[in-house]
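Asks: This structure is in structure tokens; I'll ask about it shortly.
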Amino acid sequence: ACKLVKYCNVTCQKAHRPNHKKECKIRASEIFDEALFKTPPPKDECPICFLPLPFIEEETIYKSCCGKMICLGCAYGDFHARFTKDNCPFCRAPLESSDEEEIERLNKRIEVGDAEAMYKLGCNYRAGDGVPQDFNKALELWHRSAKLGRNESHYDIGTVYFYGEGVEKDVKKAKYHWELAAMGGNVAARHNLGTVEWNTGNMNRAIKHSLISAACGCDNSLKRIQRGFSDGHVTKDDFEKALRAHKECKDEMQSDQRDEARRNVL
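Going left to right, the sequence shown walks through residues 91 to 356 as our numbering numbers them.
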């Protein structure tokens, strides 16, 4: 709603809304964009090293024993430490010994309202990993997780709609869920929105998205900003700000242990 007009009742609304319907839509769109392009919330931290968690999914690990999300660096470092190879790096519980045990642990976490467990189990159903492949079940779990604030669920919902993976392709729905994910701080969703806007010629919106995701450490978004600068779509000042913000974000997430894990695991 535009919040520009207050109606007495439903009858009043039906009678007078047509007089400002166009203005209402414009203002409602402006309000949405204000929320979409504001500074994203701060990143979650790894509970072991206390550095901001990487936004790349392969560089984080969810532990279903305790419900903690840890960085790959801490998981890798702990794995190579003496006496801890078979235990969770955070809670020291024994690691799962089979896919069945992992699914059982995820379901137990879901029973206590763990949004991340809902998201992870949804991913299992999407891939058929440890459970029969079921896109309807995956979407059901992702929607439950998204309602609890897990923006990765909105990202994956948007992705399956964008590619028509297990559902009818719907770019409008994909973009909507990516926008919700981006507002929650999902960097990949923000980058994808920049790509969609760039490909449709909406350069102003594409650059806005890319500036935000580049500042969150996205290398591909920074490359887009560089291309935009070369093509005259990005000012020198914005390009320099993007370079500084990108480096600062990378420095915040960097550690020798994480670098070693990337070299040996990814």
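Using N, Cα and C, we set each Cβ at its ideal position, and we do this for glycine too.
(1) What's the C-alpha gap between Cys98 and Thr129?
(2) Alpha carbon to alpha carbon, what distance is there between Thr101 and Leu64?
(3) To the nearest angstrom, report how far apart Ile166 and Arg348 are at their CA atoms.
(4) Who are the near neighbours of Lys227 in its chain, counting only those whose CB is closer than 7 Å to its CB and skipping five residues on each side?
(5) Do the stretch 304 to 313 and the stretch 329 to 336 touch if we need at least three Cβ pairs shorter than 8 Å?
(6) Given Cys64, which residues of its chain have a CB within under 7 Å of its CB, disregarding the five upstream and five downstream residues?
(7) The beta strand (DSSP E) that contains Thr150, what's its start and end?
(8) Is it right to say Phe140 is buried, meaning 16 or more other beta carbons lie within 10 angstroms of its own, or is it exposed?
(9) What residue does the beta strand (DSSP E) around Cys178 start on, and which one ends it?
(10) Looking at Pro142 and Glu350, is the spacing between their C-beta atoms short of 8 Å?
Replies: Reading it off the structure:
(1) Cys98 and Thr129: Cα-Cα distance of roughly 36 Å.
(2) Absent from the model: residue 64. The displayed extent of the chain is 91 to 356, so no value can be given.
(3) The question names Ile, but residue 166 is Tyr in the sequence shown. Distance between the alpha carbons of Tyr166 and Arg348 is about 8 Å.
(4) Tyr215
(5) yes
(6) An answer regarding residue 64 cannot be provided, because it is not within the stretch 91 to 356 covered by the chain.
(7) 150 to 153
(8) Phe140 is exposed by the Cβ-count criterion.
(9) Note, Cys178: premise wrong, no beta strand (DSSP E); not H, not E.
(10) Taking 8 Å as the Cβ cut-off, Glu350 and Pro142 do not qualify as a contacting pair.
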